[in-house]
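Enquirer: For reference, the structure I am asking about is given below.
2 protein chains.
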Amino acid sequence: MIAKLEMFIALAREQHFGRAAVSLGITQPTLSTGIRQLEEQLGVKLVQRGSRFGGLTPEGQRALVWARQIVGDTRRLRDEMRASREGLAGHLRLAVIPTALTWASTLAARFNDRHPRVTFTVLSRASADILTMLDDLEIDAGISYLDNEPLGRVTTRPLYREAYQLVCREDHPLADRETLDWAELGSLKLCLLTPEMQNRRIINRQFMEAGLEAGAAIESNSTVVLVSNVLTGDWVTILPTDLAGFLAEGKPLSLVPLASDSRAHEVGLIAPWQEPYTPVLQALLDEAQRLARPA
Amino acid sequence: MIAKLEMFIALAREQHFGRAAVSLGITQPTLSTGIRQLEEQLGVKLVQRGSRFGGLTPEGQRALVWARQIVGDTRRLRDEMRASREGLAGHLRLAVIPTALTWASTLAARFNDRHPRVTFTVLSRASADILTMLDDLEIDAGISYLDNEPLGRVTTRPLYREAYQLVCREDHPLADRETLDWAELGSLKLCLLTPEMQNRRIINRQFMEAGLEAGAAIESNSTVVLVSNVLTGDWVTILPTDLAGFLAEGKPLSLVPLASDSRAHEVGLIAPWQEPYTPVLQALLDEAQRLARPA
DNA sequence: GGAAGCCATCGGGCGTCCCGATTGCGCTTT
DNA sequence: AAAGCGCAATCGGGACGCCCGATGGCTTCC
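The listed protein sequences derive, respectively, from chains P and H.
Start counting the first sequence at 1305; every next residue gets the next number (the working numbering).
Start counting the second sequence at 1305; every next residue gets the next number (the working numbering).
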């Protein structure tokens, strides 16, 4: 039963029988009959089929909610028993927005320091993907913006508020300024993240409120590209404080704080809401709370 | 896996391998190996064993929480799919405190009127048992006091507040009084419920606050016994309004309202807290809300 | 019209589950 | 101290279900 629910979840995620089977390490016929049997046991058609996968039926959508809950709880049961067997151990999968990667790294390092038998996978993902992956049980927790998208049934632990810095070469005209207003950035050659990324949308809003348009001459989905561009030309970019400090370190770059908008851009840890928490997840939430920059 | 979790829950409930097996309709060896396999799969000893059942280990206690969640959600998945297949149908098991039985009856009747394909089992139980049975998945919902014991992870729907009446024969000295104070009951020959029942404890408290002792000459765990005693002798009893009206109807008995203590004694529907609700349970909660006596 | 992709079905081998019978252990009784 | 009894574990077998590779029917894309 649980195995079939896992098949169903994989199928809903992959939207394709073959790929779902591969992702579970079974063959396509096995998955096919598994879904059929699940449908028989529940007495309901879950999947719209032609000769191709055609999406879930309405009943399938409802069943998916329960399936995720059941399979998730089953994994949590296993995890917790393993933890009680061999101490706090296991594997945590995190998905993190690019601008919070240094924080994720710190969090993972500190956590691993305290609990050496817990290992990590840290993926860089867009904020919308993080919520999907949480739903699909592909990750155990994420780090993302807490105040933009509707978050759903999750627990959050605030970590910090993003404040931004202009990153430019040491020989740039603005390099020696103490602070800057967003309004002063209008005439610069900007490298920014691509518009589908939340961080870029936040920056766009700041520009808009300053009466400017955030026209980036170079866009990328990687912060490394942004900084390396700044190094090689007379470009500038805008990055959160911590990440800017990390990427600029040891390079001939200057960082100039931008007037911060304290209302928003709160970043924090996001985990599935559940009762009770497994020891490992509880420990992660605790570690995040310790790490949180005091407001 | 789920089957084994059901075995584990049954074992925790029955505290006895043989009885647990019978309650599941399987043999004792099957249950025995099932538990063993569950322990192997989780890598943890769940049950303390000598040559007898010796209680759950601490890990077993923790695992039981998850097992109940998983098995409960699995049943809810099945229920919901059946509902979407053949409309609102199925079976609801309620456990109800004795003094609320008439309300339970009304609730079940009205619900069945609206949804004829849903059938009911209504059990009379003490309030503490109701919570245990909810935990053990033996019932789907209960009717009990909302404000006395700690309720745990449940949803509640208030139904009414208990107000009490003295029940006596028509020829009793107090039969014609409009109202009574608790303090006036000190000298009467009382039949009351047994002290382990919550209703009796509430009445005890009322007596205590009136400076009296609630010494019952006859005790029973059945309200039928109480009323039939009142009929045959010069006894009196104390019952909630609705139940008193029901039991006294057509008999030579008088009902005299007692000064009510509006603070407490709230009675309502109790169901496991869960997200989302199955259609049947949602409908029951809705019906309870409609039925609730306006405060 | 041919090729490729996709899902369903088929048949066989293997694993697992369940049951009845029996054994082994510990407590109680005499 | 020995017998009796209740309880859980173990054993051996028969049956069922699951998984896989192979294949077939259908659709879509060149």
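Cβ coordinates follow ideal geometry from the N, Cα and C atoms, glycine included.
Bear in mind that the values here come from a model prediction, so they are computed numbers and not experimental data.
Counting only beta-carbon atoms, is alanine 1599/P nearer than 8 Å to chain H?
Expert: Working through the first sequence from its first residue, we reach residue 1599/P at position 295. Here alanine 1599/P scores only 47 on pLDDT, less than 50, and its place in the model should not be relied on; the value that follows carries that caveat. So no, alanine 1599/P is outside the interface.
Enquirer: Inspect the beta-carbon positions of threonine 1403/H and proline 1544/H and report whether they are closer than 8 Å.
Expert: For the purposes of this step, residue 1403/H is taken as the residue at position 99 of the second sequence. For the purposes of this step, residue 1544/H is taken as the residue at position 240 of the second sequence. Cβ distance < 8 Å, so threonine 1403/H and proline 1544/H count as in contact.
Enquirer: Given 8 Å as the limit, is there contact between the stretch 1581-1595 of chain P and the stretch 1466-1476 of chain P, that is, 3 or more CB pairs closer than that?
Expert: Contact between the stretch 1581-1595 of chain P and the stretch 1466-1476 of chain P is absent, because fewer than three Cβ pairs lie under 8 Å.
Enquirer: Let me confirm a value: serine 1355/P is counted as buried when at least 16 other C-beta atoms fall within 10 Å, else exposed. Which label applies?
Expert: The residue labelled residue 1355/P in the question sits at position 51 within the first sequence. Serine 1355/P should be labelled exposed.
Enquirer: Counting pairs of beta carbons, one from the stretch 1446-1463 of chain H and one from the stretch 1515-1534 of chain H, are three or more of them closer than 8 Å?
Expert: No contact exists between the stretch 1446-1463 of chain H and the stretch 1515-1534 of chain H.
Enquirer: Alpha carbon to alpha carbon, how far is leucine 1530/H from aspartate 1485/H? Give it in angstroms, no decimals.
Expert: One-based indexing of the second sequence puts residue 1485/H at position 181. One-based indexing of the second sequence puts residue 1530/H at position 226. Going by the C-alpha atoms only, they are around 21 Å apart.
Enquirer: Just to check my reading of the structure: glycine 1554/H and leucine 1516/H have Cβ atoms closer than 8 Å, yes? What is that Cβ distance to the nearest angstrom?
Expert: Counting from one through the second sequence, the residue named residue 1554/H turns up at place 250. Counting from one through the second sequence, the residue named residue 1516/H turns up at place 212. Not a contact, Cβ separation roughly 32 Å.
Enquirer: In its own chain, which residues sit with a C-beta less than 8 Å from the C-beta of asparagine 1416/P, not counting the 5 before and 5 after it?
Expert: For the purposes of this step, residue 1416/P is taken as the residue at position 112 of the first sequence. The residues are Val1422, Thr1423, Phe1424.
Enquirer: Does the Cβ of glutamate 1275/P have 16 or more other Cβ atoms within 10 Å, making it buried, or fewer, making it exposed?
Expert: Outside the modelled stretch of chain P, which goes from 1305 to 1599, sits residue 1275/P, for which no answer is possible.
Enquirer: Provide the residue span of the alpha helix (DSSP H) that contains alanine 1367/H, from first to last.
Expert: Translated into the one-based positions of the second sequence, residue 1367/H becomes position 63. Counting along the chain, the alpha helix (DSSP H) containing alanine 1367/H begins and ends at 1362-1390.
Enquirer: Kindly indicate which three-state DSSP category threonine 1541/P falls into: helix, strand or coil?
Expert: Here residue 1541/P refers to the residue found at position 237 of the first sequence. Here threonine 1541/P sits in strand by DSSP.
Enquirer: Does proline 1556/H come out as helix, strand or coil in the three-state DSSP assignment?
Expert: Within the second sequence, the letter at position 252 stands for residue 1556/H. Note: proline 1556/H maps to coil in three-state DSSP.
Enquirer: Three-state secondary structure (DSSP) at glutamate 1474/H?
Expert: By 1-based counting over the second sequence, the position of residue 1474/H is 170. Note: glutamate 1474/H maps to coil in three-state DSSP.
Enquirer: Can you grab the Cα-Cα spacing for the pair glycine 1329/P / arginine 1317/H, in whole Å?
Expert: Position 25 of the first sequence, counting from 1, holds the residue named residue 1329/P. Position 13 of the second sequence, counting from 1, holds the residue named residue 1317/H. Rounded to whole angstroms, glycine 1329/P to arginine 1317/H spans 37 Å at the Cα level.
Enquirer: Give a yes or no on whether the minimum CB-CB distance between arginine 1353/H and chain P is below 8 Å.
Expert: Mapped onto the second sequence, residue 1353/H falls at position 49. Closer than 8 Å: no.
Enquirer: Based on the DSSP secondary-structure assignment, which residues constitute the bridge partners of tyrosine 1449/H?
Expert: On the second sequence, position 145 is the one that residue 1449/H refers to. In DSSP, tyrosine 1449/H forms a bridge with Val1571/H.
Enquirer: With 8 Å set as the bound, which would you pick, yes or no: does the beta-carbon of glycine 1347/P sit closer than that to a beta-carbon of chain H?
Expert: Residue numbering aside, residue 1347/P sits at position 43 when the first sequence is read from its first letter. Judged by the 8 Å Cβ criterion, glycine 1347/P is in contact with chain H.
Enquirer: List, in chain order, every chain H residue whose beta-carbon is nearer than 9 Å to that of threonine 1378/P.
Expert: Walking along the first sequence from the start, residue 1378/P turns up at place 74. Neighbours of threonine 1378/P on chain H, chain order: Met1305, Ile1306, Leu1309, Trp1370, Ile1374.
Enquirer: Grab me the residues of serine 1327/H's own chain with a C-beta within less than 7 Å of its C-beta, minus the 5 sequence neighbours each way, in chain order.
Expert: Position 23 of the second sequence holds residue 1327/H. For serine 1327/H, where only same-chain residues beyond five positions count, the Cβ hits under 7 Å are Ala1314, Glu1318.
Enquirer: Could you pull the start and end residues of the beta strand (DSSP E) that glycine 1322/H belongs to?
Expert: Position 18 of the second sequence, counted from the start, is the residue given in the question as residue 1322/H. Here glycine 1322/H belongs to no beta strand (DSSP E); instead the alpha helix (DSSP H) covers 1321-1328.
Enquirer: What residue range does the alpha helix (DSSP H) around proline 1583/H cover?
Expert: Residue 1583/H sits at position 279 when you count from the first residue of the second sequence. Element bounds for proline 1583/H: 1583-1595.
Enquirer: Mind checking whether phenylalanine 1312/P and leucine 1350/P have CB atoms under 8 Å apart?
Expert: Here the question's residue 1312/P lines up with position 8 in the first sequence. Here the question's residue 1350/P lines up with position 46 in the first sequence. Against a cut-off of 8 Å, the Cβ pair of leucine 1350/P and phenylalanine 1312/P comes out as a contact.
Enquirer: Between glutamate 1579/P and chain H, is there a C-beta pair that is closer than 8 Å?
Expert: The residue given as residue 1579/P occupies position 275 in the first sequence. So yes, glutamate 1579/P belongs to the interface.
Enquirer: What span of residues does the alpha helix (DSSP H) with alanine 1413/H cover, start to end?
Expert: Along the second sequence, one-based indexing puts residue 1413/H at 109. Per DSSP, alanine 1413/H belongs to the alpha helix (DSSP H) from 1405-1418.
Enquirer: Say whether chain H places a C-beta atom closer than 8 Å to the C-beta of leucine 1381/P.
Expert: Numbered from 1 along the first sequence, position 77 holds the residue referred to as residue 1381/P. Yes, leucine 1381/P counts as interfacial toward chain H.
Enquirer: Taking only runs of the beta strand (DSSP E) that begin and end inside the stretch 1419-1448 of chain P, which ones reach a length of at least 3 residues, in chain order?
Expert: Counting whole runs of 3 or more residues, the stretch 1419-1448 of chain P contains the beta strand (DSSP E) stretches 1422-1428.
Enquirer: Nearest by alpha-carbon distance to leucine 1381/H: which of Tyr1581/H, Met1305/H, Leu1595/H is it?
Expert: As a position in the second sequence, residue 1381/H is number 77, starting the count at 1. The candidate whose alpha carbon is nearest that of leucine 1381/H is Tyr1581/H.
Enquirer: Output needed in chain order: residues of the stretch 1440-1462 of chain H with a Cβ under 8 Å from some Cβ in chain P.
Expert: Residues Arg1457.
Enquirer: Within 10 angstroms of the Cβ of arginine 1457/P, are there 16 or more other Cβ atoms? Answer buried if so, exposed if not.
Expert: By one-based count along the first sequence, residue 1457/P stands at place 153. Arginine 1457/P is exposed by the Cβ-count criterion.
Enquirer: In chain H, what lies closer than 7 Å to methionine 1385/P by C-beta?
Expert: By one-based count along the first sequence, residue 1385/P stands at place 81. Leu1346, Gly1347, Val1348, Glu1363, Ala1367, listed in chain order.
Enquirer: Return the chain-ordered list of same chain residues with a C-beta closer than 6 Å to the C-beta of asparagine 1533/H, the five sequence neighbours on each side being excluded.
Expert: Locating residue 1533/H in the second sequence gives position 229, counting from the first residue. Correct list, in chain order: Cys1495, Ile1522, Trp1539.
Enquirer: Around the Cβ of threonine 1334/P, are there at least 16 other Cβ atoms within 10 angstroms (buried) or fewer (exposed)?
Expert: Here residue 1334/P refers to the residue found at position 30 when the first sequence is read from its first residue. Exposed, because fewer than 16 other Cβ atoms sit within 10 Å of the Cβ of threonine 1334/P.
Enquirer: Starting from arginine 1389/P, find everything on chain H with Cβ-Cβ shorter than 7 Å and list it in chain order.
Expert: Numbered from its first residue, the first sequence carries residue 1389/P at position 85. Residues of chain H passing the Cβ test: Gly1347, Val1348.
Enquirer: Given this structure, state the Cα-to-Cα distance separating arginine 1509/H from arginine 1389/H, to the nearest angstrom.
Expert: Start at 1 with the first residue of the second sequence, and residue 1509/H comes out as number 205. Start at 1 with the first residue of the second sequence, and residue 1389/H comes out as number 85. Cα to Cα, arginine 1509/H sits roughly 50 Å from arginine 1389/H.
Enquirer: Going by Cα to Cα distance, which pick from Gln1345/P, Leu1346/P, Thr1361/P is closest to glutamine 1352/P?
Expert: The sequence position of residue 1352/P within the first sequence is 48, counting from 1. It is Thr1361/P whose Cα lies nearest to the Cα of glutamine 1352/P.
Enquirer: Are the beta-carbon atoms of isoleucine 1401/H and isoleucine 1306/H separated by less than 8 Å?
Expert: Counted from its first residue, the second sequence places residue 1401/H at position 97. Counted from its first residue, the second sequence places residue 1306/H at position 2. Cβ distance not < 8 Å, so isoleucine 1401/H and isoleucine 1306/H don't count as in contact.
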